[in-house]
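Below is one structure, written out as structure tokens; comments come after it.
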Amino acid sequence: MTEQEKHSLIEKIKVFIRENLRSADILESLSLTFNVNYETFRKHFLWETGESPCQYCGRLRIEQAKTLLRTTDWKIQSIAKECGYSSESSFIRAFRQALGITPNQFRNENLS
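Each residue of the sequence shown is one higher than the last, beginning at 0 in numbering that gives the first Met the number 0.
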């Protein structure tokens, strides 16, 4: 695979991830969808983006959650589901790990 082909594949995968963030098993479906070996793809993705696919997906999910927390009055459980987390507790744990505060604290600090 040429460098251009690798770059093109990574860009397609980034679009796929953004469009399918809501799916809890998005990373598992990448290999099947793009017919690539996951470990090989992971190495190319990390080299190209500076993040693993898991980190990239997690960062996008947190960004989406921050937007929803600022712009909606949805319950935390609904935001967790919308952002592709398997449970409210896994969402809260990931959010706190990424930002150092809970989703409710973030919402309270960012009320308009």
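Virtual Cβ for every residue (Gly too), placed ideally from N, Cα, C. All of these numbers come straight from a predicted model, not from anything done at the bench.
- Query: When we look at the beta-carbon of Phe33 and count the other beta-carbons within 10 Å, is it buried (16 or more) or exposed?
  - Reply: By 1-based counting over the sequence shown, the position of residue 33 is 34. Here Phe33 is exposed: its Cβ has fewer than 16 other Cβ atoms, across all protein chains shown, within 10 Å.
- Query: In three-state terms, what does DSSP make of Gly83?
  - Reply: Counted from its first residue, the sequence shown places residue 83 at position 84. Residue state for Gly83 is assigned as coil, using DSSP reduced to three classes.
- Query: Helix or strand or just coil, what does DSSP make of Ala23?
  - Reply: On the sequence shown, residue 23 is found 24 positions in, with the first residue counted as 1. In this structure, DSSP gives Ala23 a state outside helix and strand, which the three-state scheme calls coil.
- alpha helix (DSSP H) segment containing Leu67, residue limits: Numbered from its first residue, the sequence shown carries residue 67 at position 68. Note, Leu67: alpha helix (DSSP H), 52-70.
- Starting from the Cα of Glu4, find the closest Cα among Phe44, Arg58, Ile25 and give me that residue. Residue 4 sits at position 5 when you count from the first residue of the sequence shown. Ranking Phe44, Arg58, Ile25 by Cα distance to Glu4 puts Phe44 first.
- Mind reading off the beta-carbon distance from Leu26 to Pro52? Whole number of angstroms is fine, and I expect it under 8 Å. Mapped onto the sequence shown, residue 26 falls at position 27. Mapped onto the sequence shown, residue 52 falls at position 53. With a Cβ gap of about 6 Å, Leu26 and Pro52 count as contacting.
- Using DSSP with H/G/I as helix, E/B as strand and the rest coil, what is Val35? In the sequence shown, the residue the question calls residue 35 occupies position 36. Val35 falls in the coil class under three-state DSSP.
- Item | Nearest candidate by alpha-carbon position, reference Gln76, set Thr70, Ser88, Thr66 | Counted from its first residue, the sequence shown places residue 76 at position 77. Of the listed residues, the one whose Cα sits closest to Gln76 is Ser88.
- In terms of residue numbering, what span does the alpha helix (DSSP H) encompassing Asn103 cover? By one-based count along the sequence shown, residue 103 stands at place 104. Residues 102-108.
- Message: Within the continuous alpha helix (DSSP H) that includes Lys11, where are the two ends?
- Response: Walking along the sequence shown from the start, residue 11 turns up at place 12. Boundaries of the alpha helix (DSSP H) harbouring Lys11: 2-18, taken from the DSSP string.
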